[in-house]
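There are 2 protein chains.
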Amino acid sequence: MSRVFWMGSVQHMQMSEGVEWALHSCLNLAWAESGTAVTATKLAAFYGLPAAYLNKQLQALARAGIVASTSGPRGGFRLAKALKDITLMDVVVAIEGPDAAFRCQQILRSGPDADPTVDYRTACVVSQAMSRADLAWRRELAAQTLADIRATVESRSPDTPELTRNRLAAK
Amino acid sequence: MSRVFWMGSVQHMQMSEGVEWALHSCLNLAWAESGTAVTATKLAAFYGLPAAYLNKQLQALARAGIVASTSGPRGGFRLAKALKDITLMDVVVAIEGPDAAFRCQQILRSGPDADPTVDYRTACVVSQAMSRADLAWRRELAAQTLADIRATVESRSPDTPELTRNRLAAK
DNA sequence: GCCTTGCTACTCGGATACTTTCTGTCCGAGTCAATGTGG
DNA sequence: CCACATTGACTCGGACAGAAAGTATCCGAGTAGCAAGGC
Numbered sequence: 001m002s003r004v005f006w007m008g009s010v011q012h013m014q015m016s017e018g019v020e021w022a023l024h025s026c027l028n029l030a031w032a033e034s035g036t037a038v039t040a041t042k043l044a045a046f047y048g049l050p051a052a053y054l055n056k057q058l059q060a061l062a063r064a065g066i067v068a069s070t071s072g073p074r075g076g077f078r079l080a081k082a083l084k085d086i087t088l089m090d091v092v093v094a095i096e097g098p099d100a101a102f103r104c105q106q107i108l109r110s111g112p113d114a115d116p117t118v119d120y121r122t123a124c125v126v127s128q129a130m131s132r133a134d135l136a137w138r139r140e141l142a143a144q145t146l147a148d149i150r151a152t153v154e155s156r157s158p159d160t161p162e163l164t165r166n167r168l169a170a171k
Numbered sequence: 001m002s003r004v005f006w007m008g009s010v011q012h013m014q015m016s017e018g019v020e021w022a023l024h025s026c027l028n029l030a031w032a033e034s035g036t037a038v039t040a041t042k043l044a045a046f047y048g049l050p051a052a053y054l055n056k057q058l059q060a061l062a063r064a065g066i067v068a069s070t071s072g073p074r075g076g077f078r079l080a081k082a083l084k085d086i087t088l089m090d091v092v093v094a095i096e097g098p099d100a101a102f103r104c105q106q107i108l109r110s111g112p113d114a115d116p117t118v119d120y121r122t123a124c125v126v127s128q129a130m131s132r133a134d135l136a137w138r139r140e141l142a143a144q145t146l147a148d149i150r151a152t153v154e155s156r157s158p159d160t161p162e163l164t165r166n167r168l169a170a171k
C-alpha cells in the first residue's frame with residue numbers, strides 16, 4: 001500500500017530568468033530605438049514583468065557595456081553597441097556571471113593521495129571532462145549574435161519591428 | 001565620496017556539487033568493486049564528505065539505474081552497469097534533473113501579439129537559440145563515458161586502482 | 001549435531017531543519033526640462 | 001524678447017525583505033547474519 005510515485009526531478013541548475021528578460025528587452029530596444037531611450041517601466045510592461053526587478057537586470061547589462069543608461073526625464077536604456085556585436089554569451093555572462101556551471105570543488109584535495117601543490121581544477125580528469133562540455137556550450141552561445149536572432153524573427157514575423165516600435169512609443 | 005567598488009558577479013547557475021561527488025564515487029566504486037558493495041559512509045570518508053548527504057546523491061544514482069543499493073549488513077552501493085555504459089550526461093541528469101539550464105518562461109505569452117495556441121518553448125527564436133547551446137553541452141556530456149575517464153586517470157596515475165581498492169577495503 | 005527461531009547490528013530511504021541564493025520591493029541620488037522672473 | 005535661476009517630476013541605482021532551492025542532518029523500515037534454544 002501507500003505506493004510512492006516519483007514526481008520527477010525538481011528544477012535544478014536553472015539559470016536566472018533574467019536572461020530571458022534581458023534577451024527580449026535587448027531586441028525590443030533595437031526595434032524601438034530611434035535615438036530615444038526606453039524606460040525600464042515600458043520594457044517591463046511589454047511582458048507584464050516587475051519593473052523594478054527588470055531594472056536590476058538592465059543594470060547588469062549596463063555594467064557589462066551592452067546597454068547605456070540615462071537618468072532623469074526622457075531617460076532610460078538604449079543599446080550601447082550594434083546587435084551584431086552582442087552575442088548570447090555576452091548577455092548570459094552579464095546576468096549570470098562568468099563562472100562555469102560545473103564548479104570543481106577540488107575534493108581530491110581531501111582524498112588519500114592528495115598533493116597540496118596541485119590545482120585540481122585543471123588537473124582533475126573529471127573537471128577537465130566537465131570543462132569540455134562547458135566550453136562547447138559557451139562556444140555555441142558566443143557564435144550567435146542578437147543580430148542573427150533579430151533577422152530570424154523579422155523573416156518569420158515581418159510586422160514585429162513596427163508593432164514593437166509603436167507599442168514602445170505609446171505612452 | 002564613498003566610492004562603491006563592484007565586487008564582481010556572484011556565483012550563479014551553478015550545478016549541485018553532488019555531481020562532482022557522484023562522478024568520483026562511481027569511479028571509486030569501479031575500482032573497489034570485487035563483487036562487494038561499498039557503503040555510503042566509506043565513500044564519504046574518502047573525501048571527508050557528509051555521509052548522509054552523499055547517501056542522498058547515491059540514492060539519486062540508484063533511481064537512475066546507475067548504481068544498485070543493498071540494505072542491511074554487508075550492504076551498500078555497487079555499479080549497476082559497466083562504466084562504458086555510463087556517460088557524464090547520465091550522471092548529471094540523475095543528480096540535477098533532466099531540465100535544460102535555460103528555462104523558457106514563454107514571456108511572449110504576455111506580450112502584445114501573443115497567440116495562446118502557440119508553444120513558445122519551441123516557437124520562440126530566443127528559446128531556440130538557447131536550446132542549441134544546451135544541446136551542444138549535452139552532446140559533449142553524452143559523448144564521454146566514465147570508462148574514458150577511468151582510462152585517462154589510470155594512464156596518468158597507474159597506482160590509483162590499487163590505492164583505491166585498498167583504501168575502501170580497509171575497515 | 002543440526003535446524004529453527006528470535007535478536008541485534010547495520011544500511012539504505014525518506015522526512016525534517018538550516019543555510020545560501022534567487023526573486024521582488026522600496027526609497028534616495030542625480031538629472032533634465034519646464035516654468036517663472038528679471039534684465 | 002531673451003537669459004537665467006528655481007522648481008519639480010522623472011529615472012536609474014543600490015540597499016532592504018520575502019520566497020525558493022541547495023545543503024546538511026536525523027530517525028525509521030528493512031535485512032542479513034549471528035546466537036541461543038529446542039529437536
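Which chain is which? The protein sequence lines are C and S, in order. Numbering of the first sequence is given in UniProt numbering, commencing with residue 1 and proceeding in unit increments. Numbering of the second sequence is given in UniProt numbering, commencing with residue 1 and proceeding in unit increments. C-beta: ideal position from N, C-alpha, C; glycine also. All of these numbers come straight from a predicted model, not from anything done at the bench.
Name the chain S residues whose beta carbon is nearer than 7 Å to that of residue 140/C?
The answer, in chain order, is 132, 133, 136.
Tell me whether residue 90/S is buried or exposed, calling it buried when 16 or more other Cβ atoms sit within 10 Å of its Cβ.
Classification for residue 90/S: buried.
Would you give the residue range spanned by the beta strand (DSSP E) that residue 36/C belongs to?
Segment: none, residue 36/C is in no beta strand (DSSP E) and carries neither H nor E.
What do you get for residue 44/C, buried or exposed, if any count of 16 or more other CB atoms within 10 angstroms of its CB means buried?
The residue is buried, with at least 16 neighbouring Cβ atoms inside 10 Å.
Out of 74/S, 15/S, 63/S, 56/S, which has the shortest C-alpha to C-alpha gap to residue 35/S?
Ranking 74/S, 15/S, 63/S, 56/S by Cα distance to residue 35/S puts 74/S first.
Measuring straight from C-alpha to C-alpha, what distance separates residue 105/S and residue 21/C?
Approximately 9 Å between the Cα atoms of the pair.
Within a Cβ cutoff of 8 Å, which residues of the same chain sit near residue 143/C, ignoring the five residues on either side of it in sequence?
Cβ neighbours of residue 143/C beyond the five flanking positions: 87.
Name the chain C residues whose beta carbon is nearer than 9 Å to that of residue 119/S?
In chain order: nothing, as chain C lies at least about 15 Å away.
Should the region 54–72 of chain C be regarded as contacting the region 90–102 of chain C, the criterion being three or more beta carbon pairs within less than 8 Å?
Judged by Cβ distances under 8 Å, the region 54–72 of chain C makes contact with the region 90–102 of chain C, as three or more pairs qualify.
Can you tell me where the beta strand (DSSP E) holding residue 16/C begins and where it ends?
Where residue 16/C is concerned, there is no enclosing beta strand (DSSP E), given that its DSSP letter is neither H nor E.
For residue 55/C, which option in 114/C, 40/C, 47/C has the closest C-alpha, if you only look at C-alpha atoms?
The option with the nearest alpha carbon to residue 55/C is 40/C.
Mind pulling the alpha helix (DSSP H) runs of 4 or more residues that sit fully within the region 19–69 of chain S?
Complete alpha helix (DSSP H) runs here, min 4: 40–47, 51–63.
If you reduce the DSSP assignment to three classes, tell me which class residue 109/S lands in.
In this structure, residue 109/S counts as helix in the three-state DSSP scheme.
Whose C-alpha, out of 57/C, 117/C, 68/C, is nearest the C-alpha of residue 16/C?
Selected option, being the one with the closest Cα: 57/C.
By DSSP, does residue 1/C sit in helix, in strand, or in coil?
The predicted model places residue 1/C with a pLDDT of 33, which falls under 50 and marks its position as unreliable; any figure quoted below should be read in that light. DSSP places residue 1/C in coil when its eight states are reduced to three.
Using C-beta distances below 7 Å, list every residue in its chain close to residue 155/S, excluding the 5 sequence neighbours before and after it, in chain order.
No residues qualify anywhere along the chain.
Taking the alpha carbon of residue 84/C as the point to measure from, which residue in 136/C, 101/C, 149/C, 130/C has its own alpha carbon closest?
Comparing Cα positions, the closest option is 149/C.
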